[in-house]
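What follows is the structure, encoded as structure tokens:
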């Protein structure tokens, strides 16, 4: 144990690291679901409603998310001109 760090603190830090990993997986799943919905014809307004955000916010966050042939999401980053 590190000096000044209690078992309770170590447990909290370990749980925080675990939750952070889970969030990454959830964000990847969310990206894939948005991309699938858009590929299937859902409007930005429909996606936004499901996410609980405005259509503008949904578009800004997910406009570059695409699906590959296996159904995994990836971001098509725009290059600055």
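Residue numbers (the working numbering): 16 to 96.
We put the beta carbon where it would ideally sit given N, CA and C, even for glycine.
Owing to the predicted nature of the structure, the values given are computational and were not obtained by experimental measurement.
As assigned by DSSP and simplified to three states, the class of residue i
i          : result
residue 68 : coil
residue 34 : helix
residue 20 : coil
Residue i vs residue j beta-carbon contact at 8 Å
i          : j          : result
residue 47 : residue 82 : yes
residue 52 : residue 68 : no
residue 54 : residue 70 : no
Proximity winner among the options, relative to residue i (alpha-carbon distances)
i          : options    : result
residue 84 : 76, 27, 50 : 50
residue 58 : 36, 32, 78 : 78
Inter-residue spacing [alpha-carbon to alpha-carbon] between residue i and residue j
i          : j          : result
residue 66 : residue 73 : 8 Å
residue 75 : residue 26 : 37 Å
residue 33 : residue 22 : 16 Å
residue 43 : residue 20 : 33 Å
residue 80 : residue 38 : 17 Å
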